[in-house]
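**Student:**
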Amino acid sequence: MSEPRLGNLITVLLPARSYKINCALTTEKLMPGIEQFACRLLLIFDQLYPSELQNYFGLTDREREVLLDGLLANRLININPDGHIEASSFLRKHAANNGGKPSLVKYQECTEEVAFDLLTLSICKPQPNRRFTSGLPELLPRHQIGGDAAAVTEAFSSQFRHHLLLSRNREYERQRTKLYKIMGCSSHEMVQLPIEIEVSYGVSAGSIEQQKFTRSYEYLGNTRLPLSNELEAHIADFLGEHKLDEFGIDCEDFCKLANDKVLLQFANGYKFNYSGWIEAREQRKTGYGTSLTTGMLGAVYLSHNSKLFISMLHNALRDYIGKTAPKALWYSSKVPLWGANGSQLSRFTRALGDILGNYADDKIARISLLHPSADEGEKRQERKRHLGRFPTGIGLTSEAKFDRLEILLIPDVIALVQYHGQPNSDSALTLPIGYITVEPERLELLKKLMIKRTEGAVATITWSESKFENLASLLPVEFLIKLNKKSGEDVDAAIKKMQIYNRAETARAILSLRK
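In structure tokens form, the structure reads like this:
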């Protein structure tokens with residue numbers, strides 16, 4: 001059995017609230033030898049005169065005072081009215097917890113800012129607000145959790161070690177810091193924490209359906225921190241709430257439209273035999289007969305897929321001789337949780353933009369997400385969902401077809417086309433599969449397919465990082481002339497431009513015949 005393959009990375013936002021907790025901490029420090037022995041004597045004899053300590057260690061009067069001042073400052077001793085030196089309750093408590101050995105413990109009152117998720121009241125790492133997390137799916141609590149101070153302080157006390165892991169960088173400090181007491185807490189602000197859900201699939205022997213493996217974690221720097229079992233259960237419930245109906249083109253229709261004879265062997269209506277395709281892939285039986293086209297399983301922004309796409313794009317642009325700067329058009333799929341990824345998707349679009357910007361006169365990359373926009377409500381929803389990760393959004397009315405098909409096209413340069421199949425009948429999570437190509441014939445085919453799917457729709461710019469963009473600067477002429485004229489004057493201008501071009505071509509053809 002082959003190793004499970006990563007199919008998708010989904011980012012969801014975990015609701016949390018930060019609290020300011022007033023507490024006292026103790027930190028164990030290295031104790032000078034003379035202070036340690038003085039404390040041991042006090043623990044053995046209960047009380048001593050200062051002169052007895054001075055004589056025992058052979059100290060001068062000045063050295064005796066320095067020793068006593070240090071022990072008093074660290075709250076290790078008390079001096080009673082009779083002038084005796086006694087071990088403080090603070091020293092006795094920590095010695096009892098340390099096998100009877102005295103230790104130098106620094107006492108500090110402070111305010112710790114701690115975030116608790118509102119699903120399980122677990123301590124989590126606060127994250128700065130970032131643009132690429134805007135609009136991601138949210139895990140909503142089914143009921144109010146952790147509203148009272150008692151529950152918060154109890155959770156902080158029981159999870160204090162985990163708080164140190166998230167808030168202290170040095171292991172030495174984590175090991176020697178302890179919670180002494182909690183004086184109170186106050187509610188602060190609401191925050192949202194990005195959680196990564198890794199979805200992998202493995203071949204299941206004797207079954208067309210694949211085994212699905214999900215693993216969730218949060219990041220601490222570059223370190224992945226696994227989530228609690230209780231929180232994993234909430235995430236599983238969230239994923240299970242989504243439904244996927246059989247709508248739009250099925251897998252067989254997709255293969256015919258995309259001229260994919262490789263995938264057609266494993267297609268059956270809306271079903272796709274992923275296990276059969278993976279086994280054939282391992283036997284090198286899923287090739288397209290040329291290095292210009294190769295299969296791609298999983299979302300394009302996954303690390304290994306992203307590297308392949310960017311590499312093929314670099315190679316294709318070396319031979320690019322187009323008259324206009326290349327533009328990227330990303331035709332979205334209307335399946336649950338499409339585009340629900342934070343850092344990886346944002347990183348991919350940024351890398352794509354850096355490359356395309358080098359070919360534009362104004363150094364501005366034009367990457368447009370084509371998304372459904374049947375009415376104002378859907379337009380607002382799509383804008384909220386994707387604004388932080390795509391530079392530009394173009395909404396298309398219901399005449400445009402959005403279903404399980406996804407296309408990322410840079411006309412005349414490179415294209416990716418994928419079908420969003422359903423590996424498990426009991427899960428709405430999809431696993432995109434298709435091909436990436438730089439073949440001129442396939443590029444033309446996919447361009448015509450995208451034009452056909454947008455024909456007659458009214459297009460509007462839903463959002464853009466640049467206020468100077470219009471449909472003419474974002475879409476090729478071949479796309480514009482097929483849109484509904486209600487899209488605006490850019491469509492009329494494109495039609496006139498195409499008419500002038502066609503007349504000029506006709507005139508040249510006539511002149512060539514007369515020669």
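Read in full-length UniProt numbering, the sequence shown has 97 at position 97, and its numbers run on one by one without any break.
Cβ coordinates follow ideal geometry from the N, Cα and C atoms, glycine included.
If I'm right that Tyr331 touches Glu406 with Cβ under 8 Å, what's the distance once you round it to whole angstroms?
**Tutor:** Their Cβ separation, rounded to whole angstroms, is 6 Å, which keeps Tyr331 and Glu406 in contact under 8 Å.
**Student:** Among the residues of its own chain, which have a CB less than 8 Å from the CB of Gly357, if the five just before and after it don't count?
**Tutor:** The answer, listed in chain order, is Lys363, Ile364, Ala365.
**Student:** Taking 9 Å as the cut-off, decide whether the C-beta atoms of Val335 and Ala428 are in contact.
**Tutor:** Cβ distance < 9 Å, so Val335 and Ala428 count as in contact.
**Student:** Do you know whose CA, among His420, Cys185, Leu119, lies nearest Gly434's CA?
**Tutor:** When each option's Cα is compared against that of Gly434, the closest is His420.
**Student:** If distances are taken between C-alpha atoms only, which option among Asn470, Ile235, Gly276, Tyr288 comes closest to residue 537?
**Tutor:** The requested residue 537 does not occur in the structure, where the chain is confined to residues 1 to 515.
**Student:** Quick test of the definition: if touching needs 3 or more C-beta pairs under 8 Å, does the region 183–199 touch the region 12–26?
**Tutor:** Cβ pair count under 8 Å is three or more, so yes.
**Student:** Quick one: what does DSSP say His84 is sitting in, helix, strand or coil?
**Tutor:** It is coil, neither helix nor strand.
**Student:** Going by C-alpha to C-alpha distance, which of Gln36, Leu43, Leu231, Ile500 sits closest to Val12?
**Tutor:** For Val12, the nearest C-alpha among the options comes from Leu231.
**Student:** With a threshold of 16 other CB atoms inside 10 Å of the CB of Ala150, please say whether the residue is buried or exposed.
**Tutor:** By the neighbour-count rule (16 or more Cβ atoms within 10 Å), Ala150 is not buried but exposed.
**Student:** When the distance is taken between beta carbons, is Glu399 closer than 9 Å to Val458?
**Tutor:** A contact, by the Cβ cut-off of 9 Å.
**Student:** Going along the chain, which residues of its own chain have a beta-carbon closer than 7 Å to the beta-carbon of Leu292, five neighbours each way excluded?
**Tutor:** Taken in chain order, the residues that qualify are Thr437, Val438, Glu439.
**Student:** Using only CA atoms, which one of Thr460, Asn74, Gln127, Glu465 lies nearest to Leu480?
**Tutor:** When each option's Cα is compared against that of Leu480, the closest is Thr460.
**Student:** Just to confirm, does Ile407 get its C-beta within under 8 Å of one of the non-hydrogen atoms of the ligand SAM?
**Tutor:** Absent from the structure shown: the ligand SAM. Ligands present: none.
**Student:** Quick test of your reading: Leu251 and Tyr270, contact by CB under 8 Å. State the CB separation rounded to the nearest angstrom.
**Tutor:** Looking at the sequence shown, residue 251 is not Leu but Cys. About 6 Å separates the two Cβ atoms, so the contact holds.
**Student:** Suppose the cutoff is 6 Å on Cβ atoms and the five residues either side in sequence are ignored; what does the same chain contact list for Ala280 look like?
**Tutor:** Closer than 6 Å at the Cβ level, and outside the excluded window around Ala280, lie Thr286.
**Student:** In whole angstroms, what is the alpha-carbon distance linking Arg62 and Leu41?
**Tutor:** Rounded to whole angstroms, Arg62 to Leu41 spans 20 Å at the Cα level.
**Student:** From Val199, Ile85, Lys327, Asn424, pick the residue whose C-alpha is nearest to that of Arg64; which is it?
**Tutor:** Nearest of Val199, Ile85, Lys327, Asn424 to Arg64, Cα basis: Ile85.
**Student:** Which of helix, strand or coil does DSSP assign to Leu166?
**Tutor:** Note: Leu166 maps to helix in three-state DSSP.
**Student:** Grouping DSSP H, G and I as helix and E and B as strand, with all else coil, what is Asn78?
**Tutor:** Note: Asn78 maps to strand in three-state DSSP.
**Student:** Quick one: Cα of Glu109 to Cα of Pro32, how far?
**Tutor:** About 24 Å.
**Student:** Among the candidates Asn222, Asn229, Val203, whose CA atom is the shortest distance from the CA of Arg215?
**Tutor:** Closest option to Arg215, Cα to Cα, is Asn229.
**Student:** Find the nearest neighbour of Leu446 within the set Lys93, Gly221, Leu140, Leu257, judged by alpha-carbon distance.
**Tutor:** The shortest Cα separation from Leu446 among Lys93, Gly221, Leu140, Leu257 belongs to Leu257.
**Student:** Can you tell me which of the three DSSP states Gly33 falls into?
**Tutor:** In this structure, Gly33 counts as helix in the three-state DSSP scheme.
**Student:** Enumerate in chain order the residues of its own chain whose CB-to-CB distance from Gln159 is below 8 Å, with the five nearest sequence positions on each side excluded.
**Tutor:** Cβ neighbours of Gln159 beyond the five flanking positions: Ser122, Ile123.
**Student:** So within the region 235–307, which uninterrupted alpha helix (DSSP H) runs reach at least 4 residues, ignoring any that extend past its ends?
**Tutor:** DSSP runs (the alpha helix (DSSP H)) wholly in the region 235–307: 251–257, 261–264, 274–282.
**Student:** Which one or two residues does DSSP pair with Ile182 in a beta bridge?
**Tutor:** DSSP output for Ile182 lists Cys23 as bridge partner(s).
**Student:** Could you tell me which residues DSSP pairs with Met190 in its beta bridges?
**Tutor:** BP columns for Met190 point to Arg17.
**Student:** Does the distance from the CB of Leu14 to the CB of Ile197 come in under 9 Å?
**Tutor:** Taking 9 Å as the Cβ cut-off, Leu14 and Ile197 do not qualify as a contacting pair.
**Student:** Can you tell me the Cβ-Cβ gap for Tyr201 and Arg5, rounded? I've got them flagged as a contact below 8 Å.
**Tutor:** Sure, about 6 Å apart at Cβ, within 8 Å.
**Student:** For the putative contact between Leu59 and Ala38, defined by C-beta atoms under 8 Å, what is the C-beta separation to the nearest angstrom?
**Tutor:** Leu59 to Ala38, Cβ: 10 Å. No contact.
**Student:** Extract the residue ranges of the alpha helix (DSSP H) inside the region 368–441, only unbroken runs of 4 or more that lie entirely within it.
**Tutor:** Taking only runs of at least 4 residues, the alpha helix (DSSP H) segments lying wholly in the region 368–441 are 376–386.
**Student:** Let me know the secondary structure DSSP gives Lys452 once reduced to three states.
**Tutor:** DSSP places Lys452 in helix when its eight states are reduced to three.
**Student:** Is the beta carbon of Leu76 closer than 9 Å to that of Phe90?
**Tutor:** Yes, the Cβ-Cβ distance between Phe90 and Leu76 is below 9 Å.
**Student:** Please determine, among Pro391, Phe213, Val262, the residue with the shortest C-alpha to C-alpha distance to Leu239.
**Tutor:** Considering only alpha carbons, the answer is Phe213.
**Student:** My output table needs one value for Asn358: the three-state DSSP class, helix, strand or coil.
**Tutor:** Coil, per DSSP.
**Student:** What number of angstroms, rounded off, separates the C-alpha of Trp277 from the C-alpha of Gln418?
**Tutor:** Computed Cα separation, rounded: 14 Å.
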